[in-house]
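Numbering (my numbering), first residue to last: 85 to 541.
Glycine included, each C-beta is placed from N, C-alpha and C at the ideal position.
Computed from a predicted structure; not experimentally measured.
(1) Given that a residue counts as buried once 16 or more other Cβ atoms are within 10 Å of its Cβ, and exposed if not, what is residue 400?
(2) Once you ignore the five residues that flank residue 390 on each side, which residues in its own chain have a CB closer than 7 Å to its CB?
(3) Hey, would you say residue 403 sits closer than 8 Å to residue 287, going by beta carbons?
(4) May I have a chain-ordered list of the alpha helix (DSSP H) segments no shorter than 4 residues that lie completely inside the segment 198-265?
(5) What does DSSP give as the partner residue(s) for residue 132 in the beta ladder?
(6) CB residue 107 to CB residue 422, shorter than 8 Å?
(7) Ignoring anything shorter than 4 residues, give me the alpha helix (DSSP H) runs that lie fully in the segment 136-171, in order along the chain.
(8) In chain order, what residues of the same chain lie with their CB nearer than 7 Å to the CB of residue 97, ignoring the 5 residues before and after it?
(9) If residue 380 and residue 476 are in contact, beta carbons under 8 Å, what's the gap, nearest whole angstrom?
(10) Whole angstroms is fine: what's the gap from residue 407's alpha carbon to residue 127's?
(11) Using a Cβ-Cβ cutoff of less than 6 Å, which residues in the same chain neighbour residue 197 once the five nearest sequence positions on both sides are dropped?
(12) Report yes if the CB atom of residue 289 is closer than 8 Å to the CB atom of residue 527, and no otherwise.
(13) Can you give me the C-alpha to C-alpha distance between residue 531 and residue 284, rounded to a whole angstrom?
(14) Taking Cβ to Cβ, would you say residue 297 is nearer than 8 Å to residue 238?
(15) I'd like to confirm something about residue 494: is its beta-carbon nearer than 7 Å to some heavy atom of the ligand ATP, or not?
(16) Excluding the 5 residues preceding and the 5 following residue 539 in the sequence, name in chain order all residues of the same chain whose CB lies nearer than 8 Å to its CB.
(17) Output the distance between the C-alpha atoms of residue 509 and residue 487, rounded to the nearest integer angstrom.
(18) Just mark residue 252 as buried or exposed, buried being the case when its beta carbon has 16 or more other beta carbons within 10 Å.
(19) Under the rule that 16 or more other beta-carbon atoms within 10 Å means buried, what is residue 180, buried or exposed?
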């Protein structure tokens, strides 16, 4: 009997069950923590195994699910808002008109589209830490790629690869670079020249992976990893594209202003998903006014668009539940401690690569970049001193491990949101992304060894 991969929601629930079983096997333990500049950080060398920790029961598995939805409510409701607003904008014809114009400009040049868009997403993530902000582009890129005879996997690859490479080779990302350097006691943005230099090669490798896949599928449609999977109706290219009118241009300009305002707010005023959701709600109303869509029709389109993302919202909630079980079971610090011990047994070059591998593994349990920095950097920074590796290299190991793994781990709520929105099953995405992840980590390992040899600090 041929094995059939379960639905992504089922797969994530099984992972929650696995996390619960781990809490029964792995000893509970914790490090002491202290408040440094208003943040709770771990104190190295203070790990202790709990003597009589309370075990989680099977009932905790089910109570964790509604708690996980509550914990992930910001991104869940952001997804509903994005789906509704995009449906309203789509109703105005502005998106279809823009796609038609882009097809005219890029006719016969899908490779150009892929390389440009991957580079743009990577630069933006590297500079300002954008991730969930890309969700509004999912269905737009799906429609554009399908119009150019590329499948949905290519569209998702453009976004996620750009986002993952941008985080992994980040130069200015305030959520990862700034936090990790602060915890490690390094000057903010120190070493940025090296990080800026390594960004381009990683982007080229990522973009080439997406391009080579799209080219293979174009030559042989049966090679598509999306074979047999119905793409989302919202991403279907129309048979004829409307002309780009002044109203359409005004709506597109409003979209860019909203996005630019959101990026500015994130960078300078600490905005995140609540403020982003507000910005897009305003955008939806403005688009309806410009496109002359009445209140009732706007409401119907908004509800229809939000309804399409119900499955995606469920995936995000369950994904958050995996990390929640590990936190409740108090085994997260035990895992961190266990992974850090072997690093003291090898030379500086291998220990640097080991740090990166450790961060990659830990990203499964702590998918938040800033959260992972707070948990691991208080341990990795002093450990790097003992191993003869600079703290700058310890920060780079964190960036590589956190960023590249974000592209494949199912506990990453943003990834699951993008896949759900595009209708891409996780197992298909895993097959697409794993070869790229191996290539990127191999390149990163070479970079880590070179940084140790040349004394990057």
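Quick answer:
(1) buried
(2) 164, 167, 168
(3) no
(4) 222-231, 236-252
(5) 114
(6) no
(7) 142-155
(8) 402
(9) Actually they are not in contact, since the Cβ atoms of residue 380 and residue 476 sit about 58 Å apart, beyond 8 Å.
(10) 22 Å
(11) 190
(12) yes
(13) 13 Å
(14) yes
(15) Looking at this structure, you won't find the ligand ATP or any other ligand, since it has none at all.
(16) 474
(17) 21 Å
(18) buried
(19) buried
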